[in-house]
Amino acid sequence: MTETARLADLDRLYDIFDDLAARVGGPRRLADCHGRMNWPDRGVYFFFAPGETRASSGQLRLTRVGTHAVSEGSKTTLWDRLKQHYGTGDGSSAHPHGGNHRGSVYRLRVGEALVERHGLADAYPDWGTSRIPADRPRGEVRDEEYPLERWVSVYLRNQPFLWVDVPDAPAAESDRARIERNVIALVSNYGGPVADARSADWLGKHSPNAEIRASGLWNVEHVAEEYDPAALETLAEYVAETDPL
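Quick note: the sequence shown, position 35, residue 35 per my numbering, numbers continuous.
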């Protein structure tokens, strides 16, 4: 794919986002969302960053793509996944407005970047471990990590996002997986010419993960892959069928 073709496809993608925003009443923020809203059962979500815009158009720049239930038999809903990123609410007596970064890769990556940016490795020695070490009490680690979990919640709940209703069955080759994979590959700057350069203030520049720093996305998988332009038309078709909440 030539760089000229990629730039044209990027413009097409952001035009689709504009169409999606018009259909659903604009981007939302997790801070304003809850599970009683009329979320579609399945879909793909797109997070953007306040203050991160495309130089060519001023449109908010995409910073995270995600979906859910791509394993056969999975019953995870779109809100189930968004709620993992949202974290805990007022009802958590021990850790209100915290979360569990071991259940949300997005929370994990944002927390890692905050640790790096502010030199907090000693304060959060177990952040990023897939499981709490067996020699440490679970409650002790959760209490230790709570300030950072809460910080991550503040960050994530203020990122504008859009969602598209893609009601296909859970499968590795579902349209949801295909849209996610190809949008990531299209937007990613990893290993190639830079399009829509990331600002110096973007938190992801402090990520310990080279794929995040270079791609400009809070994604790791698919950032080095080629994309299929036909996936944009698939996305546009689902956008035309997506209803507001």
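Ideal Cβ positions, reconstructed from N, Cα and C, are used throughout, including at glycine.
Treat the numbers as computed from the prediction; the structure is a model and nothing was measured.
{"Item": "Would you call the CB atoms of leucine 62 and phenylalanine 46 closer than 9 Å?", "Value": "yes"}
{"Item": "Work out the CA separation of alanine 22 and glycine 87 for me, nearest whole Å.", "Value": "28 Å"}
{"Item": "How would you write the range of the alpha helix (DSSP H) that valine 187 sits in, first residue to last?", "Value": "175–187"}
{"Item": "If you pair each beta-carbon of the segment 202–211 with each one of the segment 113–128, do three or more pairs fall below 8 Å?", "Value": "yes"}
{"Item": "Between the segment 122–137 and the segment 65–80, are three or more C-beta pairs nearer than 8 Å?", "Value": "no"}
{"Item": "So leucine 7 is in the alpha helix (DSSP H); what residue range does that whole segment cover?", "Value": "3–24"}
{"Item": "Spatial neighbours of alanine 224 within its chain, please: CB distance less than 7 Å, with the 5 preceding and 5 following residues excluded, ordered by chain position.", "Value": "Tyr190, Gly191"}
{"Item": "Compute the distance between the beta-carbons of methionine 37 and glutamate 226, then report whether it is under 9 Å.", "Value": "no"}
{"Item": "Under the three-state reduction of DSSP, which class applies to proline 160: helix, strand or coil?", "Value": "coil"}
{"Item": "Suppose the cutoff is 7 Å on Cβ atoms and the five residues either side in sequence are ignored; what does the same chain contact list for threonine 242 look like?", "Value": "Leu20, Arg23, Val24, Val164, Asp165"}
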